[in-house]
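Residue 1 is where the sequence shown starts when you use the UniProt record's numbering, and the numbers rise one by one after that.
All C-beta atoms, glycine included, are put in the ideal place defined by N, C-alpha and C.
Encoded as C-alpha cells, the structure appears first; notes follow it.
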Amino acid sequence: MKTDIEIAQEAKMEPIVKIANNIGLTEDDIDLYGKYKCKISLDVLQRNKDKKDGKLILVTAINPTPAGEGKSTVTVGLGEALCKMNKNTVIALREPSLGPVFGIKGGAAGGGYAQVVPMDDINLHFTGDMHAITSANNLLCAAIDNHIHQGNALRIDQRRIVFKRVMDMNDRALRSIVVGLGGKVNGFPREDGFMITVASEIMAILCLANNLMDLKERMGKILVAYDLDGNPVYCKDLNVQGAMALLMKDAIKPNLVQTLENTPAIIHGGPFANIAHGCNSILATKMALKLGDYAVTEAGFGADLGAEKFLDIKCRYGNLKPDCVVVVATIRALKHHGGIDKAELSTPNVEALKKGISNLEKQVENIKKYGVPVVVAINKFITDSEDEVKYIKDFCSKLGIKVALTEVWEKGGEGGLDLAKEVIDVLENEKSNFKCLYDEKLSIKEKMNIIAKEIYGADGVEYLPQAQKQIKEIEKFNLDKLPICVAKTQYSLSDNPALLGRPEGFKITVKEARVSNGAGFIVVQTGNIMTMPGLPKVPAANKMDIFEDGSIVGLF
C-alpha cells in the first residue's frame, strides 16, 4: 500500500479558483496562496447571512487508542461520499500543529484515499495561521515583561504572571524556564515557560470569534497577571490588543483547499481537545453551512472531550445546532479497550470486542444526552473478521442506533457510501432537539460535577487545595459564569489513561482551575496533562526528507 504522501503526490487537484467557484465564491471572495489554496473573505458570511444554513454533521469517536480510529479520515471520506451522491457538501477541519507532525501523532489531514490536499502544505506552514497566532501571543508576553522593565505602572506581581509564551513545536526543555537573566539591561529575572501554540488562548479566541472586532475585543479581555494587591490585570491594560489583532488580520480568514476527490474543504484553527476545546473555528463552520447543503466537521479525540466541548462551548458561542453526530470506532480500538495488547489486535477476538464495546456504548449515550441523532461508523481494517463486524452491527441494532461499515481509507468516497446513506436517512427522517448539557451560569463546581457524572461516568469530583483557591479567586472577580473546558487525558473516560473501556467507581481529581477570559471558558485541569508536549525517542522528523527536485518522503 502506498504511503499517504505518495497518494497525495499523485492527486489530480483542481485549481482552487475552480473549487471556490463550485461553491459560489468569486475571485473577489478569495485571496490566493498559490494555485491550490486560498483564504476566504469574511464578507462572504455577511453576504449570505439571510441564506438558510445547510445540515450540520459532527464526526466524533470513541476514546483513542494506539490502534487508531481514523476520525479525520472518516470525516473526509463522508464528505466525499455525500458529493458522490450529488449532495452539495463542504467539509470543515482543523489545521495540523507542527508539534505532532514532527513528533508522534501525525497530522490532521485524513489518510489513504480520504485526504485533504495539498497534504504537505497543510501539515507544514500552510497559510501561516500558526505563525500569526504564535506572534500575537508572544507580542503580549513581550509587552508584559517590557511593562515591568519600564517601571511597572500597573504594579504587576512578577510571581503571578499567568500568560505564557508559545511555539508550535514539541519541546519539553521549554516547559519551565527562567527569563530576564544577564543583568539590568535584560529586565527582571522571573520564572516562565512555553506552551505549544495550539494550547494558546489566542488559538481558542481565533476559533470562537465571530469577526475581527470580536477577536480584538476578546484579546483585550485576556487575563495576563495579578497585581500586588491581588487584582486581575488584563491585556487591554497593556493596550496591545489592537496590534495583536493586526497580526491576526489574515489568520482570521478561513482557508479553502480540496480533498483527493475535489470536495471543498475549509480548514481553520487547530486547538487540541485534551488541553483546549478541540474544534475548528466558528467562522469556518458557519461558512461551510452557508456554502453547502451539508457541512461535515469533526471534533478532536473522543466524544467525552472534543464532542462535549463542541456541543457545550462552540455551539453555545456560535449558535450552532448539529443535526447528526457520527461516532467513529474501529474493531481494533474496541478490542484494545477490552484489554487486548496492541500486538494481538489483528487476531479475531469477539470476546475482547464484547468487553471493549462498552466504550462505544457510553460515547453514544453521551451524544444522546444532547438530543442529537447518532450514527455509528465502523472504520474497517483488513484484519477485521466478519464475526466481529456482525457483533458490532447487532449491538448497535439492539441500541436502536444506525451503523455503517466504512472503507474510506482504502476506497475514498466510494467506501463511505453506506455511511452517507445512513446519515442522509437520519437527516431526512429524524429531528435534532439539541440542547447544551448545563447552564453556564451555574457555579464552577456544579458545572464540573455535571460533566464528570454525565459524560465521564464518574462518582464525583475532588479538588486539590490549589484548585480550591483558584476557583474562589475566579468567583471573587465574577469570572465564573462561563462554560467549562476540561483538560483531561484522551485515552480514558476517567482522568487516568490506564482505565480503558467504561470505567466505574472513580472520581475526577481537579488539580488546577484558570480562566481563559478572552476565549470565554474556564479551563479545569485534571491528571497529568502537558501544555507543552515532548518529542518521542524516535521522532517522526527522523524519517522525513526532501530531495533536489522538491519531492518529500516520510511525511506520513
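Presumed contact (8 angstroms Cβ cut-off) between Val-101 and Asn-137, rounded CB distance: No, Val-101 and Asn-137 are not in contact; Cβ-Cβ is about 19 angstroms, not under 8 angstroms.
Tell me the start and end of each unbroken beta strand (DSSP E) in the segment 211-281 that is at least 3 residues and wholly inside, in chain order. Whole beta strand (DSSP E) segments, 3+ residues: 223-227, 232-234, 255-259 and 264-267.
Coil, strand or helix - Tyr-294 by DSSP: strand
Could you round the C-beta distance between Thr-526 and Val-553 to whole angstroms and report it? I think they count as a contact, below 8 angstroms. Not confirmed; about 39 angstroms, so no contact.
Might you give, ordered along the chain, the residues of its own chain that have their beta carbon closer than 6 angstroms to the beta carbon of Val-372, omitting 5 neighbours on each side? Pro-322, Val-325, Ser-432 and Phe-434
Just mark Gly-460 as buried or exposed, buried being the case when its beta carbon has 16 or more other beta carbons within 10 Å. exposed
Measure the beta-carbon distance from Phe-301 to Ala-273 and round it to whole angstroms, keeping in mind my assumption that it falls under 8 angstroms. 4 angstroms
Compute the Euclidean distance between the alpha carbons of Lys-380 and Gln-468, then round it to the nearest angstrom. 45 angstroms
Report buried or exposed for Asn-349, applying the criterion of at least 16 other Cβ atoms within 10 angstroms of its Cβ. Buried is the call here.
Mind checking which residues open and close the alpha helix (DSSP H) that includes Val-166? Element bounds for Val-166: not the alpha helix (DSSP H) but the beta strand (DSSP E), 165-167.
Between Met-13 and Pro-96, which are expected to be in contact by the criterion C-beta below 8 angstroms, what is the C-beta distance as a whole number of angstroms? Rounded, the Cβ-Cβ distance is 18 angstroms, inconsistent with contact.
For a test of the three-state rule: what should DSSP assign to Cys-315, helix, strand or coil? helix
Rounding to the nearest angstrom, what Cα-Cα distance links Trp-409 and Ile-91 in this structure? Answer to the nearest angstrom: the Cα atoms are 16 angstroms apart.
Do you know offhand how far Lys-398's Cα is from Tyr-391's? When rounded, the distance between both Cα atoms is 11 angstroms.
If I follow the unbroken alpha helix (DSSP H) through Cys-396, where does it start and stop? Unbroken alpha helix (DSSP H) run through Cys-396: 386-399.
Nearest by alpha-carbon distance to Thr-65: which of Asn-478, Gly-356 and Lys-87 is it? Closest option to Thr-65, Cα to Cα, is Gly-356.
From the DSSP secondary-structure annotation, give me the bridge partner or partners of Ser-551. Per the DSSP secondary-structure output, Ser-551 pairs with nothing in a beta bridge.
Beta-carbon within less than 7 angstroms of Lys-481's beta-carbon, same chain only, minus the 5 sequence neighbours each way: which residues are those? Glu-440 and Lys-441
In angstroms with no decimal places, state the Cα-to-Cα distance between Glu-462 and Gln-470. 14 angstroms
In the DSSP assignment, what residue or residues form a beta bridge with Gly-111? Ala-114
May I have the straight-line CA-CA distance separating Met-244 from Met-195, to the nearest angstrom? 18 angstroms
For a cutoff of 9 angstroms on Cβ pairs, would you count Asp-250 as touching chain B? The displayed structure is made up of one protein chain only, and chain B is not part of it.
Beta-carbon separation (whole angstroms), Lys-493 vs Pro-483, contact threshold 8 angstroms: The question names Lys, yet the displayed sequence has Leu at residue 493. Between Pro-483 and Leu-493 the Cβ distance is about 20 angstroms, and since that is not below 8 angstroms, they are no contact.
Report back the beta-carbon spacing between Leu-353 and Ile-331 to the nearest angstrom; my notes put them in contact at under 8 angstroms. 6 angstroms
Flag this pair as yes or no: are the beta carbons of Gly-412 and Ala-114 separated by less than 9 angstroms? yes
Cβ neighbours of Gly-269 in the same chain (closer than 8 angstroms, five flanking residues each side left out): Beyond the five residues adjoining it in sequence on each side, Gly-269 comes within less than 8 angstroms, by CB distance, of Arg-94, Glu-95, Asp-129, Met-203, Leu-206, Cys-207, Cys-279, Asn-280, Ser-281 and Ala-284 in the same chain, given in chain order.
Span of the alpha helix (DSSP H) around Phe-194: No alpha helix (DSSP H) contains Phe-194, which is instead part of the beta strand (DSSP E) from 194-196.
Return the CA-CA distance between Ile-133 and Leu-247, expressed in angstroms with no decimal places. Taking the straight line joining both Cα atoms gives about 8 angstroms.
If you follow the alpha helix (DSSP H) that Asn-359 is part of, which residue opens it and which one closes it? Its alpha helix (DSSP H) spans residues 350-368.
Within the continuous beta strand (DSSP E) that includes Ser-516, where are the two ends? Run containing Ser-516: 507-516, per the beta strand (DSSP E) assignment.
Could you say if the segment 73-84 and the segment 246-262 meet the contact criterion of at least three C-beta pairs nearer than 8 angstroms? Contact between the segment 73-84 and the segment 246-262 is present, because at least three Cβ pairs lie under 8 angstroms.
Compute the beta-carbon to beta-carbon distance between Glu-191 and Ile-222, rounded to the nearest angstrom, for a pair I have assumed lies under 8 angstroms. Glu-191 to Ile-222, Cβ: 20 angstroms. No contact.
Can you give me the start and stop residues for the beta strand (DSSP E) that Arg-159 sits inside? 156-161
From Val-296 to Ile-57, what distance separates their C-alpha atoms? Whole-angstrom Cα-Cα distance: 5 angstroms.
Which residue marks the beginning of the alpha helix (DSSP H) containing Gly-79, and which one marks its end? 71-84
Have a look at Leu-535, Val-524, Phe-547 and Ala-11 and flag the residue whose alpha-carbon is nearest the alpha-carbon of His-277. Val-524
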